[in-house]
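In our numbering, the protein residues as written are 73 to 260.
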């Protein structure tokens, strides 16, 4: 009964994750059709790539006990392919300055994954500690993945705010652009 329930929940989770990972397809269809990234941000896709890399590593027998997390490996492996494709399309159609920004963002993400994989494979001796370590890093990446669209929301927030709040946001706009901070103090 336990294995059947685990498999059923795994299949439902994979279906939900597939919908999540494939959601940007229409956005990238638009980018390809217009041959421009317009004002889209690549940050959510780069963070999603980190999330998929970490959870794929988490599900592999190096970290988990045998193939106990096989559904995690399958869906996040597919997520890696999709997110990498999205980043490649974005990189192809963005400006030269945008390409530099993408590279500057992707390189630390790959380094975080490589360091996490190296520590878990070589410094930790048992599956329990590996799962805790990789799972903790992956949890932080998951929170970042679901929070990363806020980078886009903050940059376009003035379009949806009431008119009496917009001047306060405009006054803080130079600070937000230079400091890359997603916090706005509307009380001041």
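Glycine included, each C-beta is placed from N, C-alpha and C at the ideal position.
Given the structure is predicted, the values throughout are model-derived calculations rather than measurements.
Residues 121 of the same chain have their beta carbon placed closer than 7 Å to that of residue 156, with the five preceding and five following residues left out of the count. Nearest in C-alpha terms to residue 94, of all of 81, 213, 201 and 153, is 153. Taking C-beta separations shorter than 8 Å and ignoring five residues to either side along the sequence, the partners of residue 119 in its chain run 181, 213, 216, 217 and 220, following chain order. A buried status is given to residue 124, since no fewer than 16 other beta-carbon atoms sit within 10 Å of its beta-carbon.
Secondary structure note for residue 137: it is in no alpha helix (DSSP H), with a DSSP letter that is neither H nor E. Counting C-beta pairs closer than 8 Å gives fewer than three between the segment 103 to 117 and the segment 79 to 94, which falls short of the contact rule. For residue 139, the closest of 209, 204 and 199 by C-alpha to C-alpha distance is 199. Taking C-beta separations shorter than 8 Å and ignoring five residues to either side along the sequence, the partners of residue 174 in its chain run 114, 118, 159, 162, 163 and 166, following chain order. Per DSSP, reduced to three states, the secondary structure at residue 109 is coil, with no helix or strand assignment.
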